[in-house]
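In what follows, a structure is listed as structure tokens, so that the remarks can point back to it.
Residue numbers (the numbering used here), protein chains in the order written: chain A, 1 to 150; chain B, 1 to 159.
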């Protein structure tokens, strides 16, 4: 069995959602407006409007996340942040999520794997491990919790 | 409802055999680091949620070797379930070891898998409505045990 160590909780406020319907799939796109993150080893902010999520949305409304943006630790270090993951569930539940209704996280599956690029230094551990996590929508935005896979 | 901990559930193991040749390392690259290549010769899959084989010569790993010694995986190959379903696998993650362990690994000497870090989060593509479609909407995490000529992976589903 693999051990997990809680790494951080990330809270973001997202902007307006756009959709591009290609011949093959729907590409969603949303820019991160602002946010914060905090964990036992690090805390900081999401650099405002530094990127966003560009998920591929399948016909059955399963979403494959593809996000990139920047974080900034309290000591000023900029961190390149990328997330892949999936959100799936019964179609009616996924429709309610897309309509921004309040949906209990137990009704759907949302699991993510972030990766980080950092300069050499005290935040090195972010770039030398695999991370997994969950996400859900809170009243003021999205809330993600990430664990380091030891 | 707030989770306090994610649960992992063992799903399957993949024994991947590599071609001894060619085994390449290009670099240093203009953008930094090195790029490696090793071909997949074949392999087997066992476990409660998937059984099958690694399709021989269906791809390989093109690892990126960073200046800090971390090896970032970029492996793509095809696996075939026992029912004949073809599944595309893309494996990514990282491996690093303390210098003495690294030296032994470079020399293809056996080392204790718990003495280095080797973790991956693969993704899969498979046809819609296949009994294995669940693999396209699940997050997996795995642990690798690298040996001379093969690697054994243990995969867990993130519940």
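All C-beta atoms, glycine included, are put in the ideal place defined by N, C-alpha and C.
Report all residues from its chain with a CB closer than 8 Å to the CB of residue i; omit the five preceding and five following residues, and keep chain order.
i: residue 1(B); result: Because the pLDDT at residue 1(B) is just 37, under 50, the model does not fix this residue reliably, and the value given afterwards should be weighed accordingly. Around residue 1(B): no qualifying Cβ.
i: residue 70(A); result: 46, 47, 50, 51, 78, 79, 80 and 81
i: residue 56(A); result: 25, 26, 27, 28, 63, 64 and 66
i: residue 51(B); result: 12, 45, 81 and 82
i: residue 107(A); result: 89, 90 and 93
i: residue 117(B); result: 94, 95, 96 and 97
i: residue 101(B); result: 111, 115 and 116
i: residue 138(A); result: 11
Tell whether a beta-carbon distance below 9 Å holds between residue i and residue j.
i: residue 20(B); j: residue 149(B); result: yes
i: residue 6(B); j: residue 133(A); result: yes
i: residue 148(A); j: residue 5(A); result: yes
i: residue 143(A); j: residue 10(A); result: yes
i: residue 166(B); j: residue 47(B); result: Since the first and last residues shown for chain B are 1 and 159, residue 166(B) lies out of range.
i: residue 188(B); j: residue 108(B); result: Absent from the structure is residue 188(B), since the part of chain B shown begins at 1 and ends at 159.
i: residue 91(B); j: residue 113(B); result: no
i: residue 130(A); j: residue 141(B); result: yes
i: residue 156(B); j: residue 124(B); result: no
i: residue 126(B); j: residue 136(B); result: yes
i: residue 112(A); j: residue 86(A); result: yes
i: residue 53(B); j: residue 39(B); result: no
i: residue 153(B); j: residue 65(B); result: no
i: residue 105(A); j: residue 136(A); result: yes
i: residue 121(A); j: residue 12(A); result: no
i: residue 150(A); j: residue 3(A); result: yes
Tell me the residue span of the alpha helix (DSSP H) that contains residue i.
i: residue 104(B); result: 99 to 106
i: residue 6(B); result: No alpha helix (DSSP H) contains residue 6(B), which DSSP labels as neither H nor E.
i: residue 96(A); result: 91 to 98
In the DSSP assignment, find the beta strand (DSSP E) that holds residue i and state where it starts and stops.
i: residue 66(A); result: 63 to 73
i: residue 110(A); result: 109 to 117
i: residue 142(A); result: 141 to 149
i: residue 29(A); result: 26 to 38
i: residue 137(A); result: 130 to 138
i: residue 12(A); result: 4 to 21
i: residue 146(B); result: 140 to 146
i: residue 78(A); result: 78 to 88
i: residue 44(A); result: 43 to 46
i: residue 89(B); result: 86 to 96
i: residue 117(B); result: 117 to 120
i: residue 80(B); result: 71 to 81
i: residue 157(B); result: 150 to 158
i: residue 125(B); result: 123 to 125
Between residue i and the rest of its own chain, which residues show a CB-CB distance below 7 Å, the 5 nearest in sequence each way excluded?
i: residue 8(A); result: 37, 38, 39, 42 and 146
i: residue 127(A); result: 116, 117 and 118
i: residue 32(B); result: 67
i: residue 28(B); result: 34
i: residue 63(B); result: 36, 71, 72, 73 and 74
Leaving out five residues before and five after residue i in sequence, what residues of the same chain have Cβ atoms less than 6 Å from its Cβ?
i: residue 94(B); result: 70 and 72
i: residue 86(B); result: 78 and 80
i: residue 151(B); result: 16 and 144
i: residue 104(B); result: 111
i: residue 20(A); result: 27
For the ligand GDP, is there a heavy atom less than 8 Å away from the beta-carbon of residue i?
i: residue 72(A); result: Summarising the ligand content, the structure contains no ligands, and the ligand GDP is consequently not present.
Which residues of chain C have a Cβ atom closer than 9 Å to the Cβ of residue i, listed in chain order?
i: residue 128(A); result: The chain inventory of the structure shown lacks chain C, comprising the protein chains A and B.
Decide if the stretch 44 to 58 of chain A is in contact with the stretch 70 to 78 of chain A; the criterion is three or more beta carbon pairs, one per stretch, under 8 Å apart. yes
What runs of the beta strand (DSSP E), each 3 residues or longer, lie entirely inside the stretch 40 to 69 of chain B? DSSP runs (the beta strand (DSSP E)) wholly in the stretch 40 to 69 of chain B: 52 to 54.
Any contact between the stretch 71 to 88 of chain B and the stretch 131 to 141 of chain B? By contact I mean 3 or more CB pairs, one from each, below 8 Å. yes
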